[in-house]
Amino acid sequence: MHSQAATSTAPRPEPSRRFSVAPMMDWTDRHCRFFLRLLSQHALLYTEMVTTGALLHNDAQRFLRHDDSEHPLALQLGGSVPADLAACARLAEDAGYDEVNLNVGCPSDRVQNNMIGACLMGHPALVADCVKAMQDAVSIPVTVKHRIGINGRDSYAELCDFVGQVRDAGCRSFTVHARIAILEGLSPKENREIPPLRYDVAAQLKADFPDLELVLNGGIKTLDECRTHLQTFDGVMLGREAYHNPYLLAEVDQQLFGSTAPVVSRAEAIEKLRPYIVAHMQSGGAMHHITRHILGLGQGFPGARRFRQLLSADIHKASEPLKVLDQAAELLQGR
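Using the working numbering, the first residue of the sequence shown is number 724, and each one after it goes up by one.
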């Protein structure tokens, strides 16, 4: 686990954002990230969005907790009060995170009511104030993840105004989810699917702000697509595909970072995960806290469905869940 001593050593280098896994609520918790890190050493991993209120008024350690192996690791914050965001950025830096990211893309009603997420695209000066306050508070990079617009404010000129104001506040790295967010009448899930993807708008933004780091997010499914987008953008961020098909990450280091290390097999990944699962159970945790994140390993081979069934259904009925895990692991032999 992360120790405070580690933060007193030399500052970590700025993480590469060439390939990252998006912050996803209820998905990219510390167990998911530990597992994804077994597949790729270089992918930048993000936490779920954590609100400033959760960090400042609840058990901050519970939200910030992570294993040292998860680095490079970024904390995503939701909030719109500059002083609160600055305080939370300090907590992130003290806890050893490599980056702190402000969410200006989440479209859910609950966050809009608290002025969090995509609705902030309508308030670029406030976002600029938030970024400046965070940057003044920490030495780790402060980045922003945003949409290309929101309904009623979706012109390209307004997008450039937003990026320009936030850049002028000192932000150098922007992750662009290449869809607008429709703030009324669509659920968060629909907002990830219904507004059309506009990679052309994101590409125009990179052309007009060549000095900024621009990471593309939205609808990317394969490493071939990643390579194509990397001809235009500085980085790619995958969300749902990386979660539902995590074995995609096994080739990221070789294909996108030039690593010569052997590609980890599915069987090796689960073998490396087993001691972590055992430790979690010994500390009173349930196995499914972790194994729910690895169901996507069961794809595209004979026995894949059985693998998923063992870990999603059978495990809850088993008196010895580790035996069920080992049964599932056997289905991955040679894969």
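In this text, a Cβ means the ideal position worked out from N, Cα and C, and glycines have one as well.
message = If you reduce the DSSP assignment to three classes, tell me which class GLN727 lands in.
response = Here GLN727 scores only 43 on pLDDT, less than 50, and its place in the model should not be relied on; the value that follows carries that caveat. Helix, per DSSP.
inquiry  = Assess contact between the stretch 922–940 and the stretch 975–988, defined as three or more Cβ pairs (one per stretch) separated by less than 8 Å. Is contact present?
reply    = These segments do not touch.
query = Hey, would you say LEU928 sits closer than 8 Å to VAL899, going by beta carbons?
reply = In this structure, VAL899 lies closer than 8 Å to LEU928 by Cβ.
request  = Give the straight-line distance between the Cα atoms of LEU849 and GLY1019, rounded to the nearest whole angstrom.
outcome  = Straight through space, the alpha carbons of GLY1019 and LEU849 are spaced by roughly 39 Å.
inquiry  = Classify LEU768: buried if its beta carbon has 16 or more other beta carbons within 10 angstroms, exposed otherwise.
reply    = Using a 10 angstroms sphere on the CB of LEU768, the tally of other CB atoms reaches 16 or more, which defines it as buried.
request  = Mind listing, in chain order, the continuous beta strand (DSSP E) runs of no fewer than 3 residues lying wholly within the stretch 946–989?
outcome  = You should have 958–961.
query = Going along the chain, which residues of its own chain have a beta-carbon closer than 6 Å to the beta-carbon of ARG792, five neighbours each way excluded?
reply = According to the sequence provided, residue 792 is Ser. The question's Arg does not apply to it. Hits under 6 Å: ARG760.
ask   = Does the beta-carbon of THR751 have 16 or more other beta-carbons within 10 angstroms, so that it is buried, or is it exposed?
value = Here THR751 is buried. Its C-beta has 16 or more other C-beta atoms within 10 Å.
key: Enclosing beta strand (DSSP E) for THR866 [first to last residue]   = Element bounds for THR866: 865–873.
message = Between the alpha carbons of ILE903 and VAL987, how many angstroms are there, rounded?
response = Each residue's CA atom was taken as its position, placing ILE903 and VAL987 some 37 Å apart.
message = Determine whether the beta carbon atoms of PHE885 and MET844 lie at a separation below 8 Å.
response = In contact: PHE885 and MET844 (Cβ atoms closer than 8 Å).
inquiry  = Counting C-beta neighbours from all protein chains within 10 Å, is the total for GLN727 16 or more, i.e. buried, or is it exposed?
reply    = Any reading at GLN727 must be qualified, since the residue scores a pLDDT of 43, below 50, and its modelled position is unreliable; the value itself is stated next. The residue is exposed, with fewer than 16 neighbouring Cβ atoms inside 10 Å.
message = Quick check: PHE1030 and ALA1009, are their CB atoms within less than 8 Å of each other?
response = No, they are not a contact pair.
inquiry  = On the DSSP bridge list, what partners appear for HIS900?
reply    = According to DSSP, HIS900 bridges with ARG870 and ASN940.
ask   = Whose C-beta lies closer than 8 Å to the C-beta of ARG1028 among residues of the same chain, with five residues either side of it excluded?
value = Excluding sequence neighbours, ARG1028 sits near GLY1021.
task = Report yes or no: is there a C-beta of chain B within less than 8 Å of the C-beta of MET838?
result = No chain B is part of this structure, which consists of one protein chain only.
Distance between PRO864 and GLN858 (C-alpha atoms, nearest Å) = Distance between the alpha carbons of GLN858 and PRO864 is about 7 Å.
task = Starting from the Cα of SER749, find the closest Cα among GLY962, PHE1024 and TYR970 and give me that residue.
result = Checking the sequence, you will find Asp at residue 749 rather than Ser. It is GLY962 whose Cα lies nearest to the Cα of ASP749.
query = Assuming CYS853 and PRO805 make a contact with CB atoms under 8 Å, what is their CB distance in whole Å?
reply = The C-beta distance from CYS853 to PRO805 rounds to 5 Å, short enough to fall under 8 Å.
inquiry  = If we require 3 or more residues per run, which beta strand (DSSP E) segments fall completely within the stretch 807–871?
reply    = Segments of the beta strand (DSSP E) lying fully in the stretch 807–871: 822–827.
message = Taking the straight line between their C-alpha atoms, what separation do you get for ALA1002 and ARG989?
response = Looking at the two C-alpha atoms, the distance is approximately 21 Å.
Residue from CYS829, ALA783 and PRO830 with nearest C-alpha to GLU816 = Cα-wise, what sits closest to GLU816 is ALA783.
Proximity of VAL861 and LEU825 at Cβ, strictly below 8 Å = Contact flag unset, no.
message = Going by C-alpha to C-alpha distance, which of PRO969, VAL823, LYS1046 and CYS894 sits closest to THR775?
response = Looking from the CA of THR775, the closest CA among PRO969, VAL823, LYS1046 and CYS894 belongs to VAL823.
task = In the DSSP assignment, find the unbroken alpha helix (DSSP H) run with ALA1051 in it and report its ends.
result = From DSSP, the alpha helix (DSSP H) with ALA1051 extends over 1044–1053.
task = Leaving out five residues on either side along the sequence, give the residues of the same chain with a beta carbon under 6 Å from the beta carbon of MET960.
result = Excluding its 5 nearest sequence neighbours in each direction, MET960 has C-beta neighbours in its own chain below 6 Å: SER743, ALA745, THR898, VAL938 and ASN940, listed in chain order.
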